[in-house]
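Just below is one structure, and these are the notes that go with it.
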Amino acid sequence: MIELIDVSMRAGEFRLDSVSAVIPNGAYGVLMGRTGSGKTTLLEAVCGLKQVAGGRIRLNGHDVTRLHPAMRDIGFVPQDGALFPSMTIEQHLRFALDIRKWRPEPARQRVEELAEMLQIKHLLQRRPVGLSGGERQRVALGRALSYHPSTLCLDEPLSALDDKTRDDMMTLLKKVQTQLGVTALHVTHSHLEAERLADRLLRVEDGQIVIER
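194 is the number that numbering that gives the first Met the number 0 gives to position 195 of the sequence shown; each next residue is one higher, with no gaps.
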């Protein structure tokens, strides 16, 4: 569960004024808003990448407002995927597991599970150069989900994809999120993505959050 409780933020001309919202446990939340409305800034606050000026952020009942990003149990998919050019796809999927010192066999099994789930087994020994946009985002999604986070945050992950690839990725995202039971917060400007994915639809508008469903 993601809870925003009277959250305020300031950044230049941008502001959020005492906004509150809840994404229920296991739900797919979509956050919309025009360019510059603050939707990505709010997502980054949930992840711990930006500090709030006031209010609280709670994840699964725990106050994480001042908690370091690495301690929030969040998987993050940035807009461009942010893949490492020198690492193989297998190394990307193992990245968070190695940091958390998983034993070799459980880590290998987890990589196999993710590669099967995301249909990227044939890419494991490749590096990111030459991968399609859809393949890159599947890898970024796998890296984010590797250590079983309870919350998944996605910053416009489909914005650079063609229509067919985006359609396939929407189907995959919803399937994986439902299968794993992870609570998701997905930032987008796309009404199609909102319609296809959202269990809870929120809009940032004039410094407030409007709950649309």
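Idealized CB from N, CA, C, for every residue including glycine.
Values in this document were obtained by computation on a predicted structure and should not be read as measured data.
If you check the beta carbons only, do residue i and residue j fall under 8 Å apart?
{"i": "histidine 188", "j": "leucine 196", "result": "no"}
{"i": "glycine 54", "j": "isoleucine 4", "result": "yes"}
{"i": "glycine 132", "j": "leucine 171", "result": "no"}
{"i": "valine 18", "j": "alanine 44", "result": "no"}
{"i": "leucine 201", "j": "leucine 30", "result": "yes"}
{"i": "leucine 117", "j": "leucine 130", "result": "no"}
{"i": "arginine 71", "j": "glutamate 2", "result": "no"}
{"i": "proline 20", "j": "isoleucine 208", "result": "Residue identity differs from the one stated: residue 20 is alanine in this sequence, not proline. Yes, the Cβ-Cβ distance between alanine 20 and isoleucine 208 is below 8 Å."}
{"i": "phenylalanine 244", "j": "glycine 32", "result": "In the structure displayed, the chain extends from 0 to 212; residue 244 sits before or after that span and is not available."}
{"i": "glutamate 192", "j": "leucine 157", "result": "yes"}
{"i": "threonine 87", "j": "glutamine 124", "result": "yes"}
{"i": "leucine 15", "j": "glycine 206", "result": "yes"}
Report all residues from its chain with a CB closer than 7 Å to the CB of residue i; omit the five preceding and five following residues, and keep chain order.
{"i": "arginine 9", "result": "Ala52"}
{"i": "glycine 110", "result": "Correcting the residue type first, residue 110 is valine in the shown sequence and not glycine. So the list reads Glu89, Leu92 and Arg93, once near-sequence residues are dropped."}
{"i": "threonine 40", "result": "Met8, Ala10, Phe13 and Lys49"}
{"i": "isoleucine 22", "result": "Met0, Ile1, Gly28, Thr182, Leu184 and Arg199"}
{"i": "arginine 99", "result": "Tyr146"}
{"i": "proline 103", "result": "none"}
Any idea which residues DSSP pairs residue i with across the strands?
{"i": "histidine 91", "result": "Its beta-bridge partners do not exist; DSSP assigns none."}
{"i": "methionine 168", "result": "Its beta-bridge partners do not exist; DSSP assigns none."}
{"i": "glutamine 207", "result": "Glu204"}
{"i": "leucine 30", "result": "Val186 and Leu201"}
{"i": "phenylalanine 75", "result": "Cys152"}
{"i": "glycine 53", "result": "Ser7"}
{"i": "isoleucine 1", "result": "Ile22 and Leu58"}
Give the DSSP-derived three-state secondary structure of residue i in the structure shown.
{"i": "methionine 116", "result": "helix"}
{"i": "aspartate 62", "result": "strand"}
{"i": "alanine 10", "result": "strand"}
{"i": "glutamate 155", "result": "coil"}
{"i": "alanine 81", "result": "coil"}
{"i": "leucine 191", "result": "helix"}
{"i": "aspartate 16", "result": "strand"}
{"i": "histidine 147", "result": "coil"}
Does the beta carbon of residue i sit closer than 8 Å to a beta carbon anywhere in chain D?
{"i": "leucine 42", "result": "The structure shown contains no chain D; it is built from a single protein chain."}
Going by beta carbon distance, what residues of the same chain come within less than 6 Å of residue i, once the five residues before and after it are set aside?
{"i": "glutamine 176", "result": "Tyr27 and Ala183"}
{"i": "glycine 141", "result": "Leu92, Leu113 and Leu117"}
{"i": "valine 119", "result": "A quick correction: the sequence has isoleucine, not valine, at residue 119. Here the set comprises Arg137."}
{"i": "arginine 212", "result": "Leu200"}
Starting from the C-beta of residue i, find all residues in its chain whose C-beta is less than 8 Å away, skip the five residues before and the five after it, and write them out in chain order.
{"i": "proline 84", "result": "Arg126, Pro127 and Val128"}
{"i": "lysine 173", "result": "Tyr27, Arg195 and Leu196"}
{"i": "alanine 106", "result": "Arg93, Leu96 and Asp97"}
Residue i: beta carbon under 7 Å from a heavy atom of the ligand FMN?
{"i": "threonine 150", "result": "The ligand content of the structure shown is nil, which means the ligand FMN is not present either."}
Please determine if the region 140-148 and the region 69-88 are in contact, where contact requires at least 3 C-beta pairs separated by less than 8 Å. yes
I want to know whether the region 125-139 touches the region 56-74 - three or more CB-CB distances under 8 Å. no
Contact the region 100-116 vs the region 150-162: 3+ CB pairs below 8 Å: no
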